[in-house]
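Just so you know, the sequence shown maps onto residues 1 to 227 in the UniProt record's numbering. Structure first, commentary second.
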Amino acid sequence: MPKENPLHFKNVISASVQDMRNSLGQVLYKLDTLMAQHLKDEEKYDLVDAQYEIVRMQNVINQLHGLYLIETDALTVQMQDSYVLELLEDTLASFEALLENKQIDVEVSGEDISWYLDPHLIGSILQIILLNAIRYTKDKIQISLERQDHGLMISVIDNGKGYPDSVLESFNALVSGEVITGVSGQNAGWLYCEKIAKQHKNQGRVGFTRLGNDPVTGGGRIDLYIP
């Protein structure tokens, strides 16, 4: 009898995900290089859309891989003391070209707090949250870091039109574990963020995410709480 193939699916999917990440990274690099040239406004506008979609696909791949690892109890959480502002700045740096080309201003407030967390996983949440804000904002994103309720609250606020009630209801149903219809890529991203946040626990407190509309800007607001 032929021997059973020892190659496990979790290893195959991890290698495939890495390959897709590298390929998309190469495409994004070439696109960024092209956009650095002197192009007409209409040409640059089309490339900005392509740039956004490539970054979005990178995040979708990361989300699916992360959800797979969570569902199979294979996710490795590596907690360590991390400077949150530095982590945030690194995440923003990865979006520098996209923010510049979309002419979006980012304002960060709060002290550089050191917190016990998994920097890779929290960084992946920040990427999803920021990409969501980039999609819906008019031209400005506000980010605040604040100690709150024996934890750290990271808030990302845009100045777009805000979320309709149907979207907020869908989010609340998702994070509460209810069955929802019309699953979308956005739902998958929120589910990933919530599950990763819940991996962070401290003295009986559990991390969470929260979606709403900001009363000042009228735009969308996403809060990430890390105990």
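All residues carry an ideal CB built from backbone N, CA and C; glycine is no exception. In this text the structure is predicted, and so the values were computed from the model without any measurement.
What do you get for residue i, buried or exposed, if any count of 16 or more other CB atoms within 10 angstroms of its CB means buried?
i	result
lysine 195	buried
asparagine 22	exposed
threonine 76	exposed
proline 227	buried
proline 164	exposed
serine 166	exposed
histidine 200	buried
serine 176	exposed
glutamine 58	buried
aspartate 223	buried
Measuring only the C-alpha atoms, how far is residue i from residue j?
i	j	result
tryptophan 190	phenylalanine 171	7 Å
asparagine 62	aspartate 19	12 Å
aspartate 158	glutamine 51	20 Å
alanine 74	threonine 217	40 Å
asparagine 187	isoleucine 128	11 Å
proline 215	arginine 221	9 Å
aspartate 81	leucine 145	16 Å
tyrosine 29	isoleucine 54	11 Å
valine 17	histidine 65	7 Å
glutamine 37	phenylalanine 95	18 Å
glycine 207	alanine 173	17 Å
If residue i and residue j are in contact, beta carbons under 8 Å, what's the gap, nearest whole angstrom?
i	j	result
glycine 123	threonine 72	Not really, about 22 Å apart at Cβ, beyond 8 Å.
cysteine 193	isoleucine 125	5 Å
isoleucine 141	valine 106	5 Å
For residue i, which residues does DSSP report across the bridge?
i	result
arginine 147	Leu152
Give the list of continuous alpha helix (DSSP H) stretches no shorter than 4 residues that lie fully inside the segment 166-212. Counting only runs of 4 or more, we get 185-198.
Enumerated in chain order, which unbroken segments of the beta strand (DSSP E) with a length of 3 residues or greater are wholly contained in the segment 71-130? Along the length of the segment 71-130, whole beta strand (DSSP E) runs at least 3 residues long occupy 80-83, 105-109 and 114-117, reported in chain order.
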